[in-house]
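For the sequence shown, the residue numbers in UniProt numbering are 2 to 326. Each residue gets a CB set at the ideal place from its N, CA and C atoms; glycine is no exception. Here the structure is a predicted model, which means the values were calculated and not measured. The structure under discussion appears below in the form of structure tokens.
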Amino acid sequence: VKPKPVVVVTRKLPEQIETRMMELFDTRLNHDDVAMGQDKLIEAVKTAHVLVPTVTDRIDAGVLAHAGPQLRLIANFGNGTDHIDLASARQRGITVTNTPDVLTEDTADMTMALLLAVARRVTEGERMVRKGEWNGWSPTHMLGRRIWGKRLGIIGMGRIGRALARRARGFGLSIHYHNRNRLHADIEAPLEATYWESLDQMLARVDIVSVNCPHTPATYHLLSARRLKLLKKDAYIVNTARGEVIDEAALTRMLRDGQIAGAALDVFEHEPAINPKLVELENAVLLPHMGSATLESRIDMGEKVLINIKTFIDGHTPPDRVLPF
Ligand code: 8YV
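Here it is as structure tokens:
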């Protein structure tokens, strides 16, 4: 019998996924559930046939330089692969897979939750009640802004952007989007979405901006200090994608100075570290990267990882191949 491939899983996964992994492969689990760090990752790639990382693992050129020739697959537990140096992986002929689709709807739900939370001051009100600072109802107390009838500008109209558009239409928002390419008419028409080739022009005209694009060299600080200044003073920003897409320091300054109404952020430039000035601001809603954090998504993501590994080991093309393109 052929020996089972060595699969190194960097973080704790849902129990049934880990059990199945153990049955199918020579699986090495990380029971601590703390990020492994570069030294342990280097050790892992020396012996693993398959590595299963998450967003908290930096699989950079330095780590991959230690990869033994047996490492053939990186089966990422998650959709975004910006924490993996794809150029280095490609040079070494390593296949990379991810877990798209299964987290789309949950992440779009969380984006709506954040959008509502920031515009209607949900977390701010909750903090007030808990602190015992609520002195009774008043007609002018805790006024947020209506979202109905407003313009939502979506940056990145992939799966999650489109799932957000469908939801937002139900809340009475009109949909605007900027994307590398305009959507095919068959996809765009049912969303009743207006395409803006110029991001700058879109930013100046929308009331709420949602970031739904991946982090790539082309999208790093896409919302730069200059672009953030194009937004209306009463605009809101929501980010459930990647912190690096926004210049967080510039955004923090603008929130503090009232140059923008509010921001709801699930992701940060240097997470889990958060700019301490951001934490002080009442007009910022801050979550710890929870966009896809449902039990169902995590199990589905794990199943995708299992299928990608199994297909690859059996000599076929895994369904969610990111590399080779
Ligand atoms: C995960 C995500 O929480 O899939 C992604 O890109 O950001 C989240 O769904 C995390 O990245 C899993 O590694």
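For T112, count neighbouring C-beta atoms within 10 Å of its own C-beta (all shown protein chains included) and say buried if the count is 16 or more, exposed if not. Stepping through the sequence shown from its first residue, residue 112 is reached at position 111. T112 comes out buried.
What are the start and end residues of the beta strand (DSSP E) that includes V119? Translated into the one-based positions of the sequence shown, residue 119 becomes position 118. That residue, V119, is in no beta strand (DSSP E); its alpha helix (DSSP H) goes 105–120.
In terms of residues, what are the limits of the beta strand (DSSP E) holding I43? Residue mapping note: residue 43 aligns to position 42 of the sequence shown, counting from 1. No beta strand (DSSP E) contains I43, which is instead part of the alpha helix (DSSP H) from 38–48.
Say the cut is 6 angstroms; is the CB of S211 nearer than that to a heavy atom of ligand 1? Against the sequence shown, residue 211 aligns to sequence position 210. Shortest gap from the CB of S211 to any heavy atom of ligand 1: 6 angstroms or more.
Report yes if the C-beta of L72 is less than 6 angstroms from at least one heavy atom of ligand 2; otherwise report no. Summarising the ligand content, the structure contains ligand 1 and does not contain ligand 2.
Below 8 angstroms on the Cβ atoms is my contact criterion, and I expect W138 with F172 to pass it. Report the Cβ-Cβ distance as a whole number of Å. Indexing the sequence shown from 1 puts residue 138 at position 137. Indexing the sequence shown from 1 puts residue 172 at position 171. Incorrect: roughly 25 angstroms between the Cβ atoms, too far for contact.
Between the region 212–221 and the region 81–89, can you find at least three pairs of beta-carbon atoms closer than 8 angstroms? yes
Given 6 angstroms as the limit, tell me if V306 has its C-beta closer than that to any heavy atom belonging to ligand 1. The sequence position of residue 306 within the sequence shown is 305, counting from 1. Flag unset: Cβ of V306 not near ligand 1.
CB of N80 to nearest heavy atom of ligand 1: below 6 angstroms? For the purposes of this step, residue 80 is identified with residue 79 of the sequence shown, where counting begins at 1. Flag set: Cβ of N80 near ligand 1.
Which listed residue (V246, R299, R163, A109) has its alpha carbon closest to that of E16: Start at 1 with the first residue of the sequence shown, and residue 16 comes out as number 15. Cα-wise, what sits closest to E16 is R299.
Consult DSSP for I275 and reduce its assignment to one of helix, strand or coil. Residue 275 sits at position 274 when you count from the first residue of the sequence shown. The answer is coil: DSSP assigns I275 none of H, G, I, E or B.
For T312, the three-state DSSP class (helix, strand or coil): On the sequence shown, residue 312 is found 311 positions in, with the first residue counted as 1. DSSP places T312 in helix when its eight states are reduced to three.
For the beta strand (DSSP E) that R146 lies in, which residues bound it at each end? For the purposes of this step, residue 146 is identified with residue 145 of the sequence shown, where counting begins at 1. Segment: none, R146 is in no beta strand (DSSP E) and carries neither H nor E.
Per DSSP, I238 forms a beta bridge with which residues? Position 237 of the sequence shown, counting from 1, holds the residue named residue 238. Paired residue(s): V210, A264.
Answer with buried or exposed for A262, where buried requires no fewer than 16 other C-beta atoms within 10 angstroms of its C-beta. As a working mapping, residue 262 is identified with position 261 in the sequence shown. That one is buried.
Proximity below 7 angstroms, CB of Y237 to CB of I209: Here residue 237 is taken as the residue at index 236 of the sequence shown, counted from 1. Here residue 209 is taken as the residue at index 208 of the sequence shown, counted from 1. In contact: Y237 and I209 (Cβ atoms closer than 7 angstroms).
Identify every residue that forms a DSSP beta bridge with V7. Looking up residue 7 in the sequence shown gives position 6. V7 pairs with D27.
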